[in-house]
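Here the structure comes first, spelled out in structure tokens, and everything after it is commentary.
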Ligand code: 2AM
Ligand code: CA
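Numbering (our numbering), first residue to last: 31 to 293.
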């Protein structure tokens with residue numbers, strides 16, 4: 031059975047906006063914060079509430095679709111066959127808890143492993159980034175331009191300071207020359223927002239060493255729709271159902287950084 035991607039995109043936008051309103055309204059209320067894998071890996075009642083809300087909407091409308099969500103409210107997804115929704119109810123939970131800004135709802139919809147719809151809702155800024163495969167990407171009603179070229183020494187790269195200090199995943203000497211060479215670095219603390227900003231041309235590149243499918247599923251669709259490149263930091267294809275390092279950038283800059291710094 032074939033899907034109507036316009037309809038799916040429109041519905042997902044409405045659900046994300048409705049969920050965003052619920053999250054904004056929750057700022058006035060008491061939040062329950064718990065930790066998951068470690069003391070800095072946070073989850074709140076709102077993460078679970080929003081994931082449940084989205085899963086219920088998807089299930090009502092598309093009972094035959096599969097759903098992979100960060101908080102595990104849905105069933106376990108082990109293959110990309112068919113239509114798979116990959117959702118993060120709140121990407122940037124630490125920002126949500128500490129700052130009440132710079133977090134996003136991320137929804138990617140894949141058909142047999144191919145990204146068809148990407149939605150990232152920057153909740154507090156009311157910025158809806160969305161794309162349908164082969165139909166362009168949008169920020170609210172504005173169509174995003176295809177990404178152009180940029181000189182490395184005039185580029186802004188998003189990366190967390192963790193990756194240029196001692197850490198378990200990358201030698202700090204790999205990325206520190208890149209940090210020196212580029213015009214500036216930024217870190218927003220929400221992978222979805224950083225990927226959306228690459229798609230919108232606000233950032234030229236984003237590099238991180240470990241993300242989960244719900245962190246990048248929507249962003250990958252958005253960036254590829256404006257001609258950007260998303261791979262692992264080794265330049266390999268992203269595995270949709272695995273944790274990956276992620277390197278997203280304007281395509282020419284991606285190639286240059288890969289050749290001159292990451293290889
Ligand atoms: P989250 O807030 O949805 O957990 C922070 O640098 C970014 O990395 C956020 O997008 C955050 O998503 C994600 N992140 C944080 N800890 C992570 C982990 N242990 N594995 C994968 N992604 C993580
Ligand atoms: Ca999350």
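Positions of the beta carbon are idealized from the N, C-alpha and C atoms, including for glycine.
It should be emphasised that the depicted structure is a prediction, and the values quoted were computed from it without experimental measurement.
Item: Would you mind working out which of 178, 164, 85 and 160 sits nearest residue 171, comparing C-alpha positions?; Value: 160
Item: Within 8 angstroms, do at least three Cβ pairs link the segment 179-192 to the segment 134-153?; Value: no
Item: CB residue 116 to CB residue 247, shorter than 7 angstroms?; Value: yes
Item: Near residue 52, which residues of its chain fall below 6 angstroms by C-beta distance, leaving aside the five closest residues on each side in sequence?; Value: none
Item: From residue 101 to residue 190, what does the alpha carbon distance come to, in whole angstroms?; Value: 24 angstroms
Item: Give me whichever residues DSSP pairs with residue 274 in a beta bridge.; Value: 241
Item: Under the assumption that residue 120 contacts residue 97 (Cβ atoms under 8 angstroms), give the Cβ distance between them as a whole number of angstroms.; Value: So it is not a contact: roughly 16 angstroms between Cβ atoms.
Item: Let's see if you can read the secondary structure: which residues bound the beta strand (DSSP E) around residue 118?; Value: 113-121
Item: Under the criterion of a Cβ to heavy atom distance below 6 angstroms, does residue 136 qualify as lining ligand 1?; Value: no
Item: Given this structure, state the Cα-to-Cα distance separating residue 274 from residue 67, to the nearest angstrom.; Value: 17 angstroms
Item: Look at the Cβ atom of residue 132, then the Cβ atom of residue 220, and state whether they are nearer than 7 angstroms.; Value: yes
Item: Just mark residue 224 as buried or exposed, buried being the case when its beta carbon has 16 or more other beta carbons within 10 Å.; Value: buried
Item: Could you check if residue 241 belongs to the surroundings of ligand 1, using beta carbon to heavy atom distance under 6 angstroms?; Value: yes
Item: So if DSSP puts residue 259 in a beta bridge, which residue, or which two residues, is it bridged to?; Value: 279
Item: Going by alpha carbons, who is nearest to residue 236 out of 208, 276, 140 and 265?; Value: 276
Item: Is any heavy atom of ligand 1 found at a distance shorter than 6 angstroms from the C-beta of residue 195?; Value: no
Item: Roughly how many angstroms separate the alpha carbons of residue 176 and residue 265, rounded to a whole number?; Value: 21 angstroms
Item: Check each candidate in 238, 137, 209 and 168 and name the one with the smallest Cα separation from residue 198.; Value: 238
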